[in-house]
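Q: The structure under discussion is supplied below as structure tokens; questions concerning it will follow.
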Amino acid sequence: NFILNVLLNPPNHLFLLHLDAKNYIDYMDDLIKKLLDFKDIFTSHRHKDKKTRKISFNDLLDFLHKASHQNGGADEIDVDGLSGELADNQPPKSHALNSHSAPTGNIAMSNKKFTGLVDPNANQDSATKKYHDDNLPLVADFGDGSDGVVIISGNTTLTADKYYTNLTINNGVVLNTGGYKIYGTGTLLNNGIIENNGLNATNKNGAVGAPGNTVRGGTDGGNGYELNPTNFGGGGGSGAGTVFISFKIIDNTNGVIRANGGNGRVGSHNQCNANNNGIAGIALSVGRGGNGGAGGTAGGIGGAGGVVTVTKQTFNSFVSGMNVFDYVLNEGIGGGCGGGGGGLGCQQAGTGGGGGGGHVLIYYNSADWGSEVATGGTGGNNGSSGTVTKIEVG
């Protein structure tokens, strides 16, 4: 009617050990007797000179083995994932959890828990939070197809984000994105032009930048120097905006997708004043398209901007996190900056600078390519090119 309670604090590593006894009651009775019989062995082995000594878990296993093992026999040991027999002089040892094979049952942690893990995914796999964050791929997002199948047969400017199933743009037709995004769950067949270009300057004033509504636009071109209404430096071309397309299948073999900077205006050339400069293109702090070109003769000043450095990337898996456009916004990728206005020069007044090229971002599963460009506009100095980024999702 006695119960043996052995309570031990676990060592620094986690271990699992189960002794398999066919007859539990007889086994425990016999073990208690042998513990008493071998108390002298244990005392003499671990306690000498009246000094306090620390007994490890392995020491206890060693003692239990000696106390319960019959010479000439073998102890049958069953550990989760491992099993075997221990013959004479082979006491069992504890093992770290990571040295065992996969557990065959649940591991009870009582009121303790593993920390630093994230919630499991659909396959019930989990990992440390740092590993999960460092390996987070982008989410595939081709929209819901709510705008259906559309054929565009005349020049069109978008007024909202579009979520097509299939989209066809006929030969010679221009689809201006208007600074909005294009999604599609099926096929984009482009035989025309998809664009969000900067504008050409038409007089001494810089052109207005390409629109940015749900994507980033370009910046305005700078104004040319004006001596009088008939003698001026040309205005700068404006910067291109962003073209964003996320379509599962794209056929652009016979089409053009572009975000080009606008051209600078040629100035009047009736009088000479070589020391007057044009005005810089308007800087947009988040714009990272191509630089605006400097104005021409007499030192027109170029528009502000930066050059996009994002390259093509391939992602072959999907998890929750952020979609590709969020990624682009986080990276600060935007439209081009406007060109500088032209100065008023001798013989011929300065021509405004060309607008910077914008950013063409295409997200797809499979594609056939034609012309995808983000060219700077022409002017006294041409605008810098922007960037074309194609992200393939396998």
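By full-length UniProt numbering, the letter at position 250 of the sequence shown is numbered 250, and the numbering carries on one by one without gaps.
Glycine is no exception: its CB is placed at the ideal position from the N, C-alpha and C atoms.
1) What is the DSSP secondary structure of ARG265, counted as helix, strand or coil?
2) Within 10 angstroms of its Cβ, does ALA160 collect 16 or more other Cβ (buried), or is it exposed?
3) The beta strand (DSSP E) spanning ARG258 covers which residue range?
4) So who's on the other strand from LEU167, going by DSSP bridges?
5) Distance check for SER385 and PHE244, CA to CA, integer angstroms please.
6) Taking only three categories from DSSP, how would you classify ASP368?
7) Tell me where the beta strand (DSSP E) around LEU227 begins and ends.
8) Three or more C-beta pairs closer than 8 Å, one from the stretch 190-207 and one from the stretch 220-240: is that the case here?
9) Tell me the DSSP secondary structure of VAL393 in three-state form.
10) Please confirm whether ILE194 and ILE257 have their CB atoms less than 8 Å apart.
11) Looking at the unbroken beta strand (DSSP E) that takes in ASN382, where does it start and where does it end?
12) What residues match up with ASN176 in a beta bridge as DSSP calls it?
13) Within 10 angstroms of the Cβ of GLY290, are there 16 or more other Cβ atoms? Answer buried if so, exposed if not.
14) Is it buried or exposed for ASN242, if we count other Cβ within 10 angstroms and need 16 for buried?
15) With H, G and I counted as helix, E and B as strand and the rest as coil, what does DSSP make of PHE142?
16) For SER246, name the three-state secondary structure that DSSP assigns.
17) Would you report the Cα separation of LYS390 and TYR164, rounded to the nearest angstrom?
18) State the DSSP-derived secondary structure class of LYS181, mapped to helix, strand or coil.
19) As a quick exercise: from GLY383, GLY236, GLU392, pick the residue whose alpha carbon is nearest that of TRP369.
20) Specify the secondary structure class of ASN111 as computed by DSSP and reduced to three states.
21) Rank THR157, THR375, GLY353, ILE249 by C-alpha distance to the C-alpha of ASN365 and give the top, closest one.
22) May I ask you to report which of helix, strand or coil DSSP gives LEU204?
23) Helix, strand or coil for ASP251 per DSSP?
24) Across which residues does DSSP place residue 395 in a beta bridge pair?
25) Can you tell me whether DSSP reads VAL215 as helix, strand or coil?
26) Confirm, please, whether the CB-CB distance from GLY255 to GLY192 is below 8 Å.
27) Which residue wins for smallest C-alpha separation from VAL173, given the options GLY148, GLY377, ASN155?
28) Going by the DSSP bridge assignment, what does THR387 pair with across the sheet?
29) Am I right that THR387 and HIS359 are in contact with their C-beta atoms under 8 Å? What's the rounded C-beta distance?
30) Can you give me the C-alpha to C-alpha distance between VAL266 and VAL215, rounded to a whole angstrom?
31) Assign ASN382 to buried or exposed, taking buried as 16 or more other Cβ atoms, counted over all protein chains shown, within 10 Å of its Cβ.
32) Please say whether ASN260 and VAL373 have beta carbons closer to each other than 8 Å?
33) If you draw a straight line from the alpha carbon of THR230 to that of TYR180, how long is it in whole angstroms?
34) Just mark THR351 as buried or exposed, buried being the case when its beta carbon has 16 or more other beta carbons within 10 Å.
A: If we stick to the structure as given:
1) coil
2) exposed
3) 256-258
4) VAL150, LEU188
5) 17 Å
6) strand
7) 226-228
8) yes
9) strand
10) yes
11) Run containing ASN382: none; DSSP gives neither H nor E here.
12) THR157, GLU195
13) With a pLDDT of 48 at GLY290, under the threshold of 50, the modelled position of this residue cannot be trusted; read the value that follows with caution. That one is buried.
14) Checking the displayed sequence, the identity of residue 242 turns out to be Thr instead of Asn. By the neighbour-count rule (16 or more Cβ atoms within 10 Å), THR242 is buried.
15) coil
16) strand
17) 19 Å
18) strand
19) GLU392
20) coil
21) ILE249
22) In the sequence on display, residue 204 carries Lys and not Leu. It is coil, neither helix nor strand.
23) strand
24) Missing from the structure shown is residue 395; the chain here goes from 1 to 394 and no further.
25) coil
26) yes
27) ASN155
28) HIS359
29) 5 Å
30) 31 Å
31) buried
32) yes
33) 38 Å
34) buried
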